[in-house]
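Under my numbering, the first residue of the sequence shown is numbered 6, with each subsequent residue one higher. By construction, the Cβ of each residue, glycine as well, lies at the ideal position given by its N, Cα and C atoms. Right, one structure below, let's go through it.
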Amino acid sequence: MQNDGMTVFPADYNSSYHLILKRGTDHFAYYYFKVDKLDQRVTFFDDVERSGISIKTQITRTFMRNLVKAIDWHPVGNSIIVEIYNVERAETRATRLACDI
Numbered sequence: 006m007q008n009d010g011m012t013v014f015p016a017d018y019n020s021s022y023h024l025i026l027k028r029g030t031d032h033f034a035y036y037y038f039k040v041d042k043l044d045q046r047v048t049f050f051d052d053v054e055r056s057g058i059s060i061k062t063q064i065t066r067t068f069m070r071n072l073v074k075a076i077d078w079h080p081v082g083n084s085i086i087v088e089i090y091n092v093e094r095a096e097t098r099a100t101r102l103a104c105d106i
């Protein structure tokens, strides 16, 4: 599933995906995320070592609209909760955002 420099493909578990963002000509950023359609929630696992850039800087309305299209999801309403966990730390605290689409 590809959409505007964004490639999304299913991961090993239900409702989990890999996301690849194209950055320039030869550079790519990799992310892993899960979708909970019932709770209208997208959970990202921010691995800066692997991706090279934090997913927090990518979260915009346009980005989320493209992501929703790429995974063929039709959310109820116009707001999605976005949670971002840092995989480098053992902390369970997440950054939580409400994103209008």
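Beta carbon of residue i nearer than 8 Å to that of residue j
i: I60; j: Y36; result: yes
i: Y118; j: F33; result: Residue numbering for the chain in the displayed model covers 6 to 106; residue 118 lies beyond these limits and cannot be assessed.
i: S20; j: D52; result: no
i: R101; j: I86; result: yes
i: L24; j: G10; result: no
i: I106; j: R70; result: yes
i: P80; j: Q45; result: yes
i: Y18; j: F38; result: no
Span of the beta strand (DSSP E) around residue i
i: A34; result: 32 to 41
i: V92; result: No beta strand (DSSP E) holds V92; DSSP gives it neither H nor E.
i: A75; result: It is not in any beta strand (DSSP E) - A75 instead sits in the alpha helix (DSSP H) that spans 66 to 75.
Simplified DSSP state of residue i, which is helix, strand or coil
i: S21; result: strand
i: I60; result: helix
i: N83; result: coil
i: R55; result: helix
i: A99; result: coil
i: D44; result: coil
Proximity test, Cβ basis, 8 Å: residue i and chain C
i: N71; result: As a matter of chain content, chain C is missing from the structure shown, which is built from one protein chain.
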